[in-house]
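S.K.:
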Amino acid sequence: MQQTPPPSVGSWEEEGLFWRGPKPPHPSDTSSGDVWEDHDWIEIPHEHYIAISKFRLNEILWQFPKVQQARRDFKHFLSRIESLYHFHYHALLDELKSDYEFFDPDSGPLRRRSSSPEELLYREHRFLSNFLHTMLRGNFLPFTQKQVEDAQLYSYLFDLKVRIQWDRHDPQLLQDFEQYVQTSPDAASLRRILEAETLSDYLQPHPDFKNRVLLFWRGIDCDRRQAAQPMQKLDIWISSIIGKLFFPIQRLIEILRGERNVDKNLVQDVIGDVGRLANLLTFGLIGQDKQQTTHQADDARTVVFERRWIRRLNMENQPILLRDLFKPKILQEPELERMICLFRQTPTKALVDQLRDRIQRKKADPTQIDHNIYIKMFKRIPLADAEVILPFKKPSMKSFDITLISLTGVGSLYALWKGLQSGGSAAFVIMAVLLGLFFRMIMGYIRTVQRYNARMISELYDKNLDNHTGVLQYLVDSIEEQEYKETVLAYYMLWLQDEAMTEEQLDGAIEEFLKQYFEGIEIDFEVDDALKKLVIRPDQERDDHHLPLIEQFQAPDGQTYYRALPLHEAIEIMDAKWDLLNRQRLESISGIL
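Here's what the structure looks like:
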């Protein structure tokens, strides 16, 4: 007799949809009798990015009596912090824009006319280094191999397979930069910032993405909607049955297309196919056991909140029952709030030249480089549909469609062969019917691709936020705001409480404060980064980004505590730093003149 596993540690936010706990729930934890696989659950991580504007933060800060009593001084305090960070990051933005001017698809060709290859390579490396710096400081994360595999596991709103034309991406840009990061002494500071010896160690890219595109994301939420889609349900049900009946042919096609590894355990796959086929033919009456894998708890977590998991729900991982064919189903998928991709394309040629090169088997000339660098930013992209933001994509047939067309074509040829042998007319009639079905399937696929392309263009039009230089402006503005919010929150919490705190106490107090006053927002506040910018350190070398506003001392119990300087002292320190920066700027201008 099969024993029911013990309940998972955690609790439901929404039963069957949203879970809190160290690992995803087991189906026995829900009363609905629903089943799922472990990879149907995706963690919603607590990010470092504070997803509120500085204006909303200031509005809440003004509500406390201590701030109202020192209203004039506190307003000056906030204004000075904002000015100092704007001063610092304005220089970074200028450097980014001045370098990118050589690679901008609009201004680049004209700007590069009088530039030497050495200057272009220097500006290329400096631009990419600063770009990665803005990604890191702006709390953007690389889109790693694990996330690419999660995205490829299911489809969501776009149910047609998309293939990326990787040969149209120029790998030389990132190959050269990879070598620069690994070997150049000038890249030592970048390696220290990335906390990695190579670019690949930091990015952890999928093999298809490596050296072809830089892809980053920030912010993750949940996209949920209801949809009936009876034709898609019927298509999935029929294609699954036919696919399981002819699974050797479909499996061979998947291997030839690179969608399945040859060394995979085929016997185990066949057993799974038979189980899924029985489940489909009986409309779910014969169930199928689903296995779970284990998740390791993250001991390095410093956030005070419990881990969060949302369930991926789509037409592929839900049972298709006949009585539910016209009923709406809940669809749910993790949604990435911001995605940024950077790439360079291979030089484009006329169609006649491309055909001539293919006939003559002429290899690409490595000296011909399209120096333009493309940067694009998108919003609210479902994880399963992340490939739609990549350039040079085209829809392609599902393995099931190719299997069905192949079987139809082979059947037509077999009928023709038998008809020629026997001289009977019945075989020719069957052949004509099969050929008609064959061409009807081809034309239906072409119409589907046209509708898919139109829908994809419409979606990207709505989700595209900015391109090229506009993305750089957004990134630097985002860093300024993040630095401002981290600094203000760290100092403000110590100043408001008027007592010393440990690093852990300060971290927890800020996280609870944000959740209480900002609609339940949960973040993992980077308290170590905030203290690094604010703790007084007289013995260390001068740093213009450093604001010495917090004292650090050792208590008798051996713990390190932090205490905010009085507000008037903090203002004096920042006024002095502001005056010094202005004098240095005037001196540099005078030197130029």
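Numbering (the numbering used here), first residue to last: 635 to 1227. Where a beta carbon is used, it is the ideal one built from N, C-alpha and C, also for glycine.
#1: Could you name the residues of the same chain whose beta carbon sits closer than 6 Å to that of residue 845, not counting the 5 residues immediately before and after it, in chain order?
#2: Would residue 658 be called buried (16 or more neighbouring beta carbons within 10 Å of its own) or exposed?
#3: With burial defined as no fewer than 16 other Cβ atoms inside 10 Å of the residue's Cβ, what is the status of residue 916: buried or exposed?
#4: Please check if any C-beta of chain D sits within less than 9 Å of the C-beta of residue 1129.
#5: Going by C-alpha distance, which of 685, 669, 1101, 852 is nearest residue 734?
#6: Under the assumption that residue 674 contacts residue 946 (Cβ atoms under 8 Å), give the Cβ distance between them as a whole number of angstroms.
#7: Can you tell me whether DSSP reads residue 860 as helix, strand or coil?
#8: Do residue 1128 and residue 1198 have their beta-carbon atoms positioned less than 9 Å apart in this structure?
#9: Quickly, what does DSSP pair residue 803 with across the bridge? List them, please.
#10: Return helix, strand or coil for residue 751, following the three-state DSSP convention.
#11: My assumption, with CB atoms under 8 Å, is that residue 677 sits in contact with residue 943. Please give the rounded CB distance.
#12: When the Cα atoms are used, what is the spatial distance from residue 954 to residue 813?
#13: Would residue 653 be called buried (16 or more neighbouring beta carbons within 10 Å of its own) or exposed?
#14: Tell me whether residue 1088 sits in a helix, a strand or coil according to DSSP, three-state version.
#15: Return the Cβ separation of residue 1029 and residue 1083 in integer angstroms, given the expectation that the two are a contact with Cβ distance under 8 Å.
#16: Compare the beta carbon distance of residue 1024 and residue 975 with 9 Å and say whether it is the shorter of the two.
#17: Output needed for residue 668: all residues of its chain with C-beta closer than 8 Å, excluding positions within five of it in sequence on either side, in chain order.
#18: Check whether the Cβ atoms of residue 655 and residue 642 sit closer than 9 Å, and answer yes or no.
#19: So for residue 791, helix, strand or coil by DSSP?
#20: For residue 1121, report the span of its beta strand (DSSP E) as first-last.
#21: Residue 754 and residue 811 look like a contact to me (Cβ under 8 Å); what is the Cβ gap, rounded to whole Å?
#22: Is it the case that the segment 1112–1124 contacts the segment 715–726, given that we only count it when at least three CB pairs across the two stretches are under 8 Å?
#23: Are the CB atoms of residue 1161 and residue 1182 nearer to each other than 9 Å?
#24: Identify, in the order they occur along the chain, each residue of the same chain with its Cβ nearer than 7 Å to the Cβ of residue 829, setting aside the five sequence neighbours on each side.
#25: At what residue ranges does the segment 1153–1206 contain a whole run of the beta strand (DSSP E), taking only runs of 3 or more?
#26: DSSP beta-bridge partners for residue 1219?
#27: Once you ignore the five residues that flank residue 1204 on each side, which residues in its own chain have a CB closer than 6 Å to its CB?
#28: Residue 1157 and residue 680 - do their beta-carbons sit closer together than 9 Å?
#29: What is the DSSP secondary structure of residue 849, reduced to helix, strand or coil?
#30: Does the beta-carbon of residue 789 have 16 or more other beta-carbons within 10 angstroms, so that it is buried, or is it exposed?
#31: Based on DSSP bridge pairs, tell me the residues matched to residue 652.
#32: How would you write the range of the beta strand (DSSP E) that residue 1008 sits in, first residue to last?
#33: Compute the beta-carbon to beta-carbon distance between residue 694 and residue 1195, rounded to the nearest angstrom, for a pair I have assumed lies under 8 Å.
M.R.: This is what the structure holds:
#1: Within the same chain, residue 845 has close Cβ partners 805, 808, 809.
#2: Burial call: buried.
#3: Model confidence at residue 916 stands at a pLDDT of 49, short of 50, so the residue's coordinates are unreliable; what they give is reported in the following sentence. Label assigned to residue 916: exposed.
#4: Absent from the structure: chain D. Only one protein chain is present.
#5: 1101
#6: 5 Å
#7: Note: residue 860 maps to strand in three-state DSSP.
#8: Between residue 1198 and residue 1128, the CB-CB gap stays under 9 Å.
#9: 979
#10: helix
#11: 6 Å
#12: 51 Å
#13: With 16 or more other Cβ atoms within 10 Å, it is buried.
#14: helix
#15: 5 Å
#16: yes
#17: 650, 661
#18: yes
#19: coil
#20: That residue, residue 1121, is in no beta strand (DSSP E); its alpha helix (DSSP H) goes 1103–1131.
#21: With a Cβ gap of about 13 Å, residue 754 and residue 811 do not count as contacting.
#22: yes
#23: no
#24: none
#25: 1184–1188, 1194–1198
#26: Partner(s): none; residue 1219 has no beta bridge.
#27: 1183
#28: Less than 9 Å separates the beta-carbon of residue 680 from that of residue 1157.
#29: strand
#30: buried
#31: Looking at the DSSP output, residue 652 bridges to 648, 944.
#32: Residue 1008 -> beta strand (DSSP E) spans 1008–1016.
#33: Actually they do not touch by this definition, with Cβ atoms about 26 Å apart.
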